[in-house]
Amino acid sequence: MGQMIRIAGTIGESIVDGPGFRYVIFTQGCLHGCPGCHNPETHDFSGGQLIDTDTLVQDILKNPILSGVTFSGGEPFCQAEALCAVADGLQGKKHLMAYSGYTFEQLLALPDPWVLQLLQKLTMLIDGPFVEAQKGLELRFRGSANQRVLNVPVSLEKGQAVWFEEYR
1 MGQMIRIAGT
11 IGESIVDGPG
21 FRYVIFTQGC
31 LHGCPGCHNP
41 ETHDFSGGQL
51 IDTDTLVQDI
61 LKNPILSGVT
71 FSGGEPFCQA
81 EALCAVADGL
91 QGKKHLMAYS
101 GYTFEQLLAL
111 PDPWVLQLLQ
121 KLTMLIDGPF
131 VEAQKGLELR
141 FRGSANQRVL
151 NVPVSLEKGQ
161 AVWFEEYR
């Protein structure tokens, strides 16, 4: 048995939550409270449902055509330890990315050691809060223009946020 994680739900097949054909996990709980948030029902930390991380991994691996998994929310980094268990269960078999209302720099400053461990397992991060005044339907994988699409391994190596240029 894995760890328990509180989720708002999942989408088994998505083409809009990152590159390729993806499984999306919507974590439950968020502190940001961005006006105009696309998923306000995910803010309550006591909402949603508890599910075993092994159950999520098994569900993901049942679909052989999935290219990746997206951690969304809520705020995924509020449950970084449990998401590390999901990532470990996938053993490098899927492209992993996350959305966060925190910036990359803010994530690095958080005291929870699981945050850095989760970042180290990701390829891509969409960072920053949703800003309704900067909303753009033409933005690929982003809700507002202030958000960045970051190459996590390169960002961690350089110690600063580095864009995936094809998503600028």
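Under the working numbering, residues 1 to 168 are what the sequence shown spells out, in order. The beta-carbon is built from N, C-alpha and C at its ideal position, and this holds for glycine as well.
Handout entry: Limits of the unbroken alpha helix (DSSP H) element including residue 17
Key = Here residue 17 belongs to no alpha helix (DSSP H), and DSSP marks it neither H nor E.
Exercise for the section: Measuring alpha carbon to alpha carbon, tell me which of 82, 20, 37 and 16 ends up nearest residue 247. Expected result: The chain is shown only over 1 to 168; residue 247 falls outside these bounds and no answer can be derived.
Problem - Sub-7 Å separation of residue 161 and residue 104 beta-carbons - result: At the C-beta level, residue 161 and residue 104 come within 7 Å of one another.
Practice task
Label residue 120 either buried or exposed according to how many other C-beta atoms from any shown protein chain fall within 10 Å of its C-beta, with 16 as the threshold for buried.
Solution key: Result: exposed.
Practice task
Counting only runs of 3+ residues fully inside the segment 93-128, write out the beta strand (DSSP E) ranges in chain order.
Solution key: The segment 93-128 contains these whole beta strand (DSSP E) runs: 95-99 and 124-127.
Exercise for the section: Compare the C-alpha of residue 36 against each of 154, 14 and 133 and name the closest. Expected result: Comparing C-alpha distances from residue 36 to each of 154, 14 and 133 shows the shortest one belongs to 133.
Exercise for the section: Have a look at 65, 69 and 61 and flag the residue whose alpha-carbon is nearest the alpha-carbon of residue 23. Expected result: Cα-wise, what sits closest to residue 23 is 69.
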